[in-house]
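> Dropping a structure here in structure tokens format, bear with me for questions.
There are 4 protein chains.
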Amino acid sequence: MAKSKYEYVKEFETDDRMLRNVYVLVRIDGKGFHKFSQTHDFAKPNDVRGINLMNHAARCVMHELDDILLAFGESDEYSFLFRKSTDLYQRRESKIVSTVVSLFTSAYVYYWNDYFTDLKRPLYPPVFDGRAVLYPSEVEVKDYFAWRQADTHINNLFNTSFWALVEEGGLTPKAAEARLCGTDSKDKNEMLFTEFNTNYSKLPAMYRKGSVLLREQILKDEDKDAIIPTLPETLPGSKSAKVVPTSDTATTVPGLQSGPDPISGSVSEAPSGQSSPISIDSPIVSQETIMQEGSSTSSSEGKKRSIDANEAERHDAEEGPAAKKEAPAFKRMKKGVVIDHIDIIGEKFWTGRGAYILAPEKKKKLRP
Amino acid sequence: MAKSKYEYVKEFETDDRMLRNVYVLVRIDGKGFHKFSQTHDFAKPNDVRGINLMNHAARCVMHELDDILLAFGESDEYSFLFRKSTDLYQRRESKIVSTVVSLFTSAYVYYWNDYFTDLKRPLYPPVFDGRAVLYPSEVEVKDYFAWRQADTHINNLFNTSFWALVEEGGLTPKAAEARLCGTDSKDKNEMLFTEFNTNYSKLPAMYRKGSVLLREQILKDEDKDAIIPTLPETLPGSKSAKVVPTSDTATTVPGLQSGPDPISGSVSEAPSGQSSPISIDSPIVSQETIMQEGSSTSSSEGKKRSIDANEAERHDAEEGPAAKKEAPAFKRMKKGVVIDHIDIIGEKFWTGRGAYILAPEKKKKLRP
Amino acid sequence: MAKSKYEYVKEFETDDRMLRNVYVLVRIDGKGFHKFSQTHDFAKPNDVRGINLMNHAARCVMHELDDILLAFGESDEYSFLFRKSTDLYQRRESKIVSTVVSLFTSAYVYYWNDYFTDLKRPLYPPVFDGRAVLYPSEVEVKDYFAWRQADTHINNLFNTSFWALVEEGGLTPKAAEARLCGTDSKDKNEMLFTEFNTNYSKLPAMYRKGSVLLREQILKDEDKDAIIPTLPETLPGSKSAKVVPTSDTATTVPGLQSGPDPISGSVSEAPSGQSSPISIDSPIVSQETIMQEGSSTSSSEGKKRSIDANEAERHDAEEGPAAKKEAPAFKRMKKGVVIDHIDIIGEKFWTGRGAYILAPEKKKKLRP
Amino acid sequence: MAKSKYEYVKEFETDDRMLRNVYVLVRIDGKGFHKFSQTHDFAKPNDVRGINLMNHAARCVMHELDDILLAFGESDEYSFLFRKSTDLYQRRESKIVSTVVSLFTSAYVYYWNDYFTDLKRPLYPPVFDGRAVLYPSEVEVKDYFAWRQADTHINNLFNTSFWALVEEGGLTPKAAEARLCGTDSKDKNEMLFTEFNTNYSKLPAMYRKGSVLLREQILKDEDKDAIIPTLPETLPGSKSAKVVPTSDTATTVPGLQSGPDPISGSVSEAPSGQSSPISIDSPIVSQETIMQEGSSTSSSEGKKRSIDANEAERHDAEEGPAAKKEAPAFKRMKKGVVIDHIDIIGEKFWTGRGAYILAPEKKKKLRP
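Chains as they are written, first to last, in the UniProt record's numbering: chain A, 1 to 368; chain B, 1 to 368; chain C, 1 to 368; chain D, 1 to 368.
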């Protein structure tokens with residue numbers, strides 16, 4: 001077959017390998033998610049199912065791609081930070097960006113029904129796009145994430161105020177926007193407190209601070225009864241190894257840790273303190289459940305569902321023989337990926353739980 | 001909020017707009033699809049469900065992105081050709097590539113259960129990657145698609161021979177490979193014919209030639225009773241164009257598998273209206289179902305399935321009130337996208353049905 | 001020596017090969033030439049020595065780099081068009097751009113004293129920068145050169161008017177600028193004619209139209225007495241093979257062809273009609289001399305000088321034994337490069353003398 | 001004039017700004033310098049005139065472009081390191097590379113006759129090409145220069161041995177190459193010592209180590225009588241810093257060739273003031289002349305030559321009235337650029353004289 005005659009067209013492909021030894025940041029964004037969230041009746045200003053699904057999809061990306069050190073999500077966007085020395089796909093930009101976007105999209109559609117339990121699949125296929133940005137130094141990496149979290153703060157405070165005025169205050173969207181025009185953070189906080197009896201700082205951290213995905217080392221299977229988080233700083237509640245409360249609201253909202261399962265919307269039976277953010281050997285472990293209380297949109301059907309270690313079995317039961325082969329979704333589950341909703345603006349994070357992210361890599365990485 | 005302080009990190013983003021006035025080709029590939037097809041028991045050498053799902057996902061991409069002129073799929077890859085003058089996302093490479101990959105992935109997972117009816121969703125989320133290549137001239141565009149179709153020919157003939165030896169001949173994979181080593185096309189054809197009573201050229205064109213997605217113009221709504229395809233050549237069955245072939249109709253056209261080979265140029269014996277490649281006003285119109293019966297791997301369940309204009313309604317019925325809102329999946333359905341399995345090697349295609357693809361664009365496009 | 005230990009740094013180099021099969025345009029610009037021309041007392045609005053030196057340097061670039069099809073110069077800039085199929089330095093952008101810029105700069109300094117005969121070398125080293133632009137189609141190539149020549153027209157008409165007001169009209173620069181503010185081409189032409197007795201259209205074409213460098217085939221050495229230009233259209237005066245008048249002013253300015261040598265400034269002894277633009281076997285052949293008459297800045301010293309085939313010998317005489325080895329400056333002198341000052345806006349050029357430039361290349365170039 | 005009609009061609013220009021906050025390294029190379037050096041009878045293995053001219057051209061580049069921190073030259077190549085934060089030409093790659101190459105080429109031709117005093121200009125215009133490479137971290141920058149200097153060591157030892165065998169030993173080039181085949185550094189050192197009475201380590205450092213161009217701060221004009229170099233270590237001879245060494249002074253420092261080896265760190269015996277690497281207030285200050293005498297190829301004419309502050313005056317005298325206007329070649333002469341021939345392999349350089357190069361930049365640079 002005259003294959004070789006045509007093969008020259010391959011020579012039009014260009015080499016898009018990215019500069020070595022700089023951080024690679026891939027950010028994805030939902031396309032047309034304003035419409036998508038309206039079509040699917042997302043709760044305003046935050047839909048806990050939607051956020052949890054985003055977080056879950058992001059975690060799938062991190063499970064698949066070991067070189068991602070950190071991820072941060074807010075609204076319909078997610079940022080993934082790759083280690084400086086990553087040689088994933090020889091650092092080819094298109095390959096990396098398209099793989100992250102495809103993984104994320106695939107997981108978002110795949111797990112949709114686990115979060116939006118009353119709809120088998122979305123009403124139409126959602127789409128994300130992505131891009132890579134290179135950051136040479138630690139300063140820029142910190143500032144990048146600070147930039148995104150500052151954005152979260154600003155947007156969420158605005159949205160919270162806006163929807164309070166619309167949904168509780170009865171204003172038209174136009175009137176609400178006019179009312180907020182020219183106000184600063186203090187004004188909005190004040191308004192929420194006096195007019196809507198809302199202490200903004202008590203709202204779930206997941207809404208106010210977005211979601212941070214971290215890799216935290218876990219012990220081997222045989223040691224799993226003695227989980228000790230390898231965090232550089234002692235966190236509140238870490239004495240009983242299995243409990244690591246994280247969000248700042250945790251201590252003030254006692255119901256949270258025993259609260260409703262974000263996936264099923266049901267009230268969790270779990271004793272308080274057991275919603276450990278520490279990933280053990282379960283394929284997918286999450287802290288996200290603590291947010292549920294703050295959500296106004298959880299469905300109330302009683303059936304408990306969990307996206308957890310028992311997932312494989314459960315699917316078996318549901319889907320019959322064909323599902324027998326169902327294997328854990330991703331292969332490298334041993335490296336724990338945990339979700340938290342904490343400040344990444346400021347040094348505290350980077351010298352604390354995030355210290356591993358910017359820690360110097362071994363020299364052999366620099367001189368391959 | 002100290003937003004501006006961090007915003008400088010945006011300046012690290014680079015401008016990746018691609019050269020103007022050249023064809024943009026985006027090719028996507030399944031990641032780890034050898035394993036994926038094994039895990040899901042794909043029929044060998046071709047799984048008609050898998051191919052049809054690929055084709056459907058590709059069609060979704062073309063429905064969303066008007067500037068795609070042509071697509072070609074084989075195995076786990078698909079190529080999309082954008083018009084020279086496209087200004088989609090200002091020709092930003094990452095944006096275009098990631099959007100195509102995300103759209104394709106999303107549709108693949110979304111429509112999975114419509115093709116793999118015995119499995120609600122894949123056993124794990126599938127992933128694709130993608131890249132863009134620029135082609136300045138018509139010659140390269142033709143040769144690009146010739147290259148991919150030549151690849152299809154070579155691979156499919158090999159795979160057909162290999163699996164005949166293994167599944168029917170009882171050879172081990174190793175022995176089958178040894179047996180085929182050093183053989184040319186003629187040898188393989190001969191072997192299939194004498195040993196396995198298989199006339200390779202009579203196998204479904206979809207397997208031998210891959211899938212070609214074309215845009216074919218349709219008239220406006222008010223004229224839809226008088227559909228006149230704007231094709232340079234009259235195609236079999238185009239007279240009554242409103243018939244949407246499904247697997248049902250396929251069974252009534254026994255001549256199909258040995259019939260209207262688009263490559264040979266022979267006149268089809270098919271009754272008019274039953275194998276029309278002409279897309280009408282249905283959101284999703286396809287010729288693919290005609291392959292279903294001809295495939296040795298189609299499930300034998302009698303249940304009628306159709307990926308067609310009735311899909312929306314069907315889902316309504318299945319999914320209850322929540323699905324009431326279900327809208328057509330993509331918005332720009334007016335431009336008909338049809339699938340065929342024809343020769344795109346050689347001039348005939350490019351002066352015939354594909355003539356619109358390389359037709360000169362209006363000058364204003366070149367001098368914006 | 002521990003060489004290998006460090007060699008990894010080479011891997012930070014990126015592949016900057018430009019897309020194949022598109023025109024490569026390299027444009028160079030003088031850096032700070034406003035100051036450079038002031039420092040060297042360039043005549044205003046045009047300094048014929050400066051223009052001729054630019055043209056000579058450009059010709060050196062074309063002599064060295066066979067794949068340049070066409071060049072156009074005006075003011076302190078020059079554009080070089082490479083053939084689509086060029087594989088010079090594997091199309092590496094930095095290599096091509098830097099080589100063109102270096103060649104040009106080197107020739108500019110090297111030949112300075114041949115044009116500025118009263119100054120051994122410039123008062124400081126002049127600098128040029130450069131960039132490459134890709135043009136996929138013939139339309140853009142034509143429009144690119146039209147763009148540059150339109151720029152020449154506009155700038156030269158303005159400058160001619162401005163300096164007439166300043167040098168002849170006695171206005172201050174500020175007043176001259178104010179006077180010209182808001183005027184169109186017609187106004188400026190009118191002003192030049194009525195106030196300064198200048199028919200703008202009679203000014204030398206080199207000033208009004210810039211300089212076009214063309215490759216014109218010449219016969220082999222043995223045939224040099226029977227020079228026949230291989231132009232697609234018969235040009236005025238081409239009957240006597242050695243005469244090819246080109247600029248539109250040529251026919252109306254009889255003294256031009258026998259005019260002063262632009263380099264030496266002396267009056268040429270050559271019989272009219274012999275300043276053929278056809279390059280024969282001389283290393284450097286030029287039409288530029290015909291412009292001299294229109295220049296107000298030629299020095300009047302009687303010594304005849306020529307940058308021609310005799311250059312090598314002359315240098316021998318001047319520079320003593322060391323120069324004995326002096327070889328022709330560039331190696332591929334056989335392909336004649338001629339300079340003309342003609343319209344490249346409009347189709348006439350591209351179907352006439354420039355027809356070779358956009359002529360289709362042989363197929364093997366497209367399918368290497 | 002229909003300018004706007006064509007201006008769209010500008011949109012084909014691409015944005016080639018390089019990643020921010022990484023080191024930019026521009027390396028230039030002579031094109032065809034094997035032939036160039038043969039044509040001009042360069043001494044083998046090293047031609048001191050050629051090296052000094054290279055160094056002078058490099059210094060001109062550094063004088064023009066303030067953001068170059070360090071340069072290193074060997075043979076026909078030169079590397080220029082720009083500070084991380086440089087915003088020269090908005091970091092546009094073509095602009096930066098072409099400017100460096102043009103500046104270097106221009107200076108090389110311009111100053112040719114000052115170094116090759118018996119030839120007014122080269123026999124043909126020399127050409128250089130260039131490219132940019134990005135280095136994110138200090139480690140790579142150090143290793144880059146170590147890589148180039150290791151190359152210098154290897155090449156010079158080989159060339160010295162080769163030419164000893166050919167010119168003194170009477171071997172043919174082929175025989176010399178065969179003789180050296182398979183030898184290591186020790187073998188070559190031994191051979192040079194026993195057979196040619198040459199102690200390789202006593203050969204001029206400029207040959208063995210290449211040339212390092214450093215920026216060393218000098219005080220303001222009013223303080224120039226109290227020059228205090230801002231170097232972290234005291235250098236030999238730096239006490240009376242106003243002395244500009246020339247070939248004259250070189251002859252008075254017999255110890256030089258075996259003397260102040262900057263690599264060994266030994267204390268120089270050189271009389272103070274006579275081999276100072278400190279740049280004072282002269283436009284062009286250099287240490288290079290000290291090599292002249294030590295070179296086996298220096299011309300033996302007794303005529304004193306100096307590339308120094310008196311250059312402008314000297315040219316006046318030579319070139320008559322026209323040269324009156326002769327200004328200092330480059331404008332920013334205040335920042336002293338000095339040349340030395342020292343070890344840049346190893347930490348000593350980077351913590352000593354080179355410490356300023358990798359010193360952290362002010363924060364405002366990182367957050368513009």
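Glycine included, each C-beta is placed from N, C-alpha and C at the ideal position.
1) Are SER98(C) and SER98(D) close, meaning C-beta to C-beta below 9 Å?
2) Between the Cα of PHE145(D) and those of SER79(D), LEU358(D), GLU190(D), ARG353(D), spot the shortest distance and give me the residue it belongs to.
3) For the putative contact between LEU134(B) and LEU19(C), defined by C-beta atoms under 8 Å, what is the C-beta separation to the nearest angstrom?
4) Under 8 Å, with one C-beta from each stretch per pair, do the segment 154 to 169 of chain B and the segment 121 to 131 of chain A reach the 3-pair mark?
5) Is there a Cβ from chain A that is less than 9 Å from the Cβ of PRO122(B)?
6) Indicate whether the contact test is met: 3 or more Cβ pairs, each with one atom in the segment 39 to 59 of chain B and one in the segment 162 to 173 of chain B, closer than 8 Å.
7) For MET54(B) and GLY210(A), what's the separation of their Cα atoms in angstroms?
8) Could you please give the first and the last residue of the uninterrupted alpha helix (DSSP H) stretch that includes LEU214(C)?
9) Using a Cβ-Cβ distance cut-off of 9 Å, determine whether LEU103(A) contacts chain B.
10) If you measure from the beta carbon of ILE28(A) to each beta carbon in chain B, is any gap under 9 Å?
11) What are the residues that DSSP puts in a beta bridge with ASP340(C)?
12) How would you write the range of the alpha helix (DSSP H) that VAL141(A) sits in, first residue to last?
13) Of all the options PRO125(D), ASP76(D), CYS60(D), which has the alpha carbon lying nearest to the alpha carbon of ALA58(C)?
14) Below 9 Å between beta carbons is the criterion; list the residues of the segment 132 to 150 of chain C that meet it against any residue of chain B, in chain order.
15) If you compare alpha carbons, which of GLY169(B), TYR23(B), LEU214(B), GLU190(B) is closest to MET62(B)?
16) Can you pull the DSSP bridge partners for GLY73(C)?
17) Along the alpha helix (DSSP H) that carries LEU192(B), what are the first and last residues, could you check?
18) Output the distance between the C-alpha atoms of LYS304(D) and ILE357(D), rounded to the nearest integer angstrom.
19) Please report the residue range of the beta strand (DSSP E) in which PHE128(A) lies.
20) The segment 57 to 91 of chain A: which residues have C-beta closer than 7 Å to a C-beta of chain C, in chain order?
21) Pick from GLU64(A), GLY170(A), ASP16(A), TYR111(A): whose alpha carbon is nearest that of LYS31(B)?
22) So GLU7(A) contacts chain B; which residues on that side make the cut at Cβ distance below 8 Å?
23) Pick out whichever of GLU168(C), ILE154(C), TYR23(C) has its Cα sitting closest to the Cα of PHE196(C).
24) On the three-state DSSP scale, how would you describe LEU19(C)?
25) Select from PHE349(A), ALA150(A), THR198(A) the residue whose C-alpha is nearest the C-alpha of GLU7(B).
26) Looking at chain A, is there any beta carbon in it that lies within less than 9 Å of the beta carbon of VAL22(D)?
27) Check whether chain B comes within 9 Å of GLU11(D), counting only Cβ atoms and requiring the distance to be less than that.
28) Note down, in chain order, every chain C residue with its Cβ under 8 Å from the Cβ of CYS19(B).
29) Just tell me which of HIS34(C), ASP143(C), GLY170(C), LEU203(C) has its CA closest to the CA of ASP76(C).
30) By Cβ distance below 6 Å, which residues in the same chain neighbour ASN189(B) in space, the five residues on each side in sequence not counted?
31) What's the gap between the Cα of PRO204(B) and the Cα of GLY182(B)?
32) Please return the same chain residues whose Cβ sits closer than 6 Å to the Cβ of VAL127(C), not counting the five positions on each side in sequence.
33) Using the Cβ count rule (16 or more neighbours within 10 Å means buried), how would you classify THR86(C)?
34) Have a look at SER137(C), THR14(C), GLY73(C) and flag the residue whose alpha-carbon is nearest the alpha-carbon of GLU361(B).
35) Just to confirm my understanding: we take ARG49(D), look at its own chain, exclude 5 residues before and 5 after, and list those with CB closer than 6 Å. What are they?
Walking through what the data contain:
1) Yes.
2) Closest option to PHE145(D), Cα to Cα, is SER79(D).
3) That belief holds up - the Cβ atoms of LEU134(B) and LEU19(C) are roughly 5 Å apart, short of 8 Å.
4) By the criterion of at least three beta-carbon pairs nearer than 8 Å, the segment 154 to 169 of chain B is not in contact with the segment 121 to 131 of chain A.
5) Taking Cβ atoms only, chain A reaches closer than 9 Å to PRO122(B), which makes this a yes.
6) Because the criterion of three Cβ pairs below 8 Å is met, the segment 39 to 59 of chain B and the segment 162 to 173 of chain B touch.
7) Rounded to the nearest angstrom, the two C-alpha atoms are 35 Å apart.
8) LEU214(C) -> not in any alpha helix (DSSP H); beta strand (DSSP E) instead, spanning 211 to 216.
9) Yes, LEU103(A) lies at the interface with chain B (some Cβ there is under 9 Å from its Cβ).
10) So yes, ILE28(A) belongs to the interface.
11) Residue pairing of ASP340(C) in beta bridges, as defined by DSSP: VAL212(C).
12) First-last of the alpha helix (DSSP H) with VAL141(A): 138 to 163.
13) Measuring C-alpha to C-alpha distances from ALA58(C) to each of PRO125(D), ASP76(D), CYS60(D) identifies PRO125(D) as the nearest.
14) Of all residues in the segment 132 to 150 of chain C, only LEU134, TYR135, PRO136, SER137, VAL139, GLU140, ASP143 place a beta-carbon less than 9 Å from a beta-carbon of chain B.
15) Nearest C-alpha to MET62(B) among GLY169(B), TYR23(B), LEU214(B), GLU190(B): LEU214(B).
16) DSSP, once it has assigned bridges, lists TYR78(C), SER211(C) as partnering GLY73(C).
17) Counting along the chain, the alpha helix (DSSP H) containing LEU192(B) begins and ends at 185 to 196.
18) In this prediction, LYS304(D) scores a pLDDT of 35, lower than 50, which makes its location untrustworthy; no coordinate-derived value is stated.
19) Taken as a continuous stretch (DSSP letters only), the beta strand (DSSP E) holding PHE128(A) covers 128 to 135.
20) From the segment 57 to 91 of chain A, no residue has a Cβ closer than 7 Å to chain C.
21) Answer by Cα proximity: GLU64(A).
22) Neighbours of GLU7(A) on chain B, chain order: TRP147.
23) The shortest CA-to-CA distance from PHE196(C) to any of GLU168(C), ILE154(C), TYR23(C) is the one to GLU168(C).
24) Looking at LEU19(C) - three-state DSSP - the assignment turns out to be coil, as it is neither helix nor strand.
25) Nearest C-alpha to GLU7(B): ALA150(A).
26) At least one chain A Cβ lies under 9 Å of VAL22(D).
27) At least one beta carbon of chain B lies nearer than 9 Å to the beta carbon of GLU11(D).
28) The question names Cys, but residue 19(B) is Leu in the sequence shown. What LEU19(B) touches in chain C: LEU19, VAL22, LEU134, PRO136.
29) Ranking the options by Cα distance to ASP76(C), first place goes to HIS34(C).
30) Short of 6 Å from the beta carbon of ASN189(B), and not among the five residues preceding or following it, lie these beta carbons of its own chain, in chain order: TYR200.
31) If I take the Cα positions, the gap works out to 26 Å.
32) Excluding five sequence positions before and after VAL127(C), the CB atoms of its chain that fall closer than 6 Å to its own CB belong to LYS31, given in chain order.
33) Counting Cβ neighbours within 10 Å, THR86(C) comes out buried, since at least 16 surround it.
34) Ranked by Cα distance from GLU361(B), the first of SER137(C), THR14(C), GLY73(C) is SER137(C).
35) Result list for ARG49(D): TYR115, PHE116, in chain order.
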